[in-house]
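J.: When you line the sequence shown up against the numbering used here, it's residues 365 to 535, in that order.
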Amino acid sequence: MRCLVEAISLKKQLLSRPVAIKGTVRTVLNIDKIVGGESTVDSSWGWAVSLQIYGSHICDGAIILPLYIVTAAHCVICPSEMIRNTKVVVGIDKLNQSSTSTAQVRSIVRAFAHPNYDSVSNANDIAVLRFYQPLDISYDRGTARLCIPRVVSTNIRDDYPVPNSALVAIG
365 MRCLVEAISL KKQLLSRPVA IKGTVRTVLN IDKIVGGEST VDSSWGWAVS LQIYGSHICD
425 GAIILPLYIV TAAHCVICPS EMIRNTKVVV GIDKLNQSST STAQVRSIVR AFAHPNYDSV
485 SNANDIAVLR FYQPLDISYD RGTARLCIPR VVSTNIRDDY PVPNSALVAI G
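(1) Rounded to the nearest angstrom, what separates Arg474 and Asn519 at their Cα positions?
(2) In three-state DSSP terms, what is Arg521?
(3) Given this structure, state the Cα-to-Cα distance separating Asn480 from Cys442, to the nearest angstrom.
(4) Which of helix, strand or coil does DSSP assign to His438?
(5) Specify, as a first and last residue, the run of the beta strand (DSSP E) that Gln497 falls within.
(6) Could you tell me which of Val492, His438, Val454, Ile417 sits nearest to Trp409, measuring between CA atoms?
(7) With a Cβ-Cβ cutoff of 7 angstroms, do Arg505 and Leu431 count as a contact?
(8) Within its chain, find whatever has a CB closer than 7 angstroms to the CB of Gln497; leave out the 5 residues flanking it on each side and keep chain order.
(9) For Ile456, count the other beta carbons within 10 Å of its own beta carbon; 16 or more makes it buried, fewer makes it exposed. Which is it?
(10) What first and last residue would you give for the beta strand (DSSP E) that runs through Asp424?
(11) Just to confirm before moving on: does the CB-CB distance between Asp489 and Ala412 stay below 7 angstroms?
(12) Please go through the same chain and pick out, in chain order, the residues whose beta-carbon is closer than 8 angstroms to the beta-carbon of Asn486, but skip the five residues on each side of it.
(13) Between Ser463, Val440, Ser465, Ala426, which has its C-alpha nearest Ser363's C-alpha?
(14) Looking only at DSSP bridge pairs, what is Arg470 linked to?
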C-alpha cells in the first residue's frame, strides 16, 4: 500500500507543478508535450495502452495479444497493490480518458516482471500483464496488436535496427 500511496502522491506532485531545479533557483517549466514531438491523428496508435490508478495515467504499455500487454517492470514493482488498483485502458486518444465509445478497460490477473529487473540500474525493465477478459482487437475499437518483427537470423548483429530506422516512443 505504501508504494501505491507514494506513486499517487508523486504523480500528483509532478502533474500539479512541473519544475526544474537550476542551482538553488526553482524555475517553473510549462512543457506540455515531448520536445520536438508531433501531434498524432486519433486512433493512429491502436496498440498503445494507458495504465491508470483511479483514472490517473501512471504508465504506458503496448498490446501484444488480446490477453497480454507489455510494459515497464518499474510500473509493477508493488504487484499486489498495482494489480488490485490498476486498470488497463485501450482505445483512447488522450491520457486519463476511460469513457469514450471505443475505450476498453481491463483488470489485471497477473504481472510477470523480468526476474532480473534491477530497480537501481533499471536493467531488464520489462513486464508482461495478463487480463481476466481479452481485448477486442479491431479497427472499429481503435485497437491493434504491436507489430513485432520476426527474427530471421541467428546473428544478433543482424537483428539491430538499420541506420535511419524510425522509433515510436509514447510517454
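A virtual CB, placed ideally from N, CA and C, is assigned to each residue, including glycine.
Model, not experiment: these values are computed from the prediction.
T.: The structure says:
(1) 33 angstroms
(2) helix
(3) 15 angstroms
(4) helix
(5) Gln497 -> no beta strand (DSSP E), and no H or E assigned at all.
(6) It is Val454 whose Cα lies nearest to the Cα of Trp409.
(7) no
(8) Arg470
(9) buried
(10) 420 to 429
(11) no
(12) His438
(13) Residue coverage of the chain in this structure runs from 365 to 535, which leaves residue 363 outside it and unanswerable.
(14) Val452
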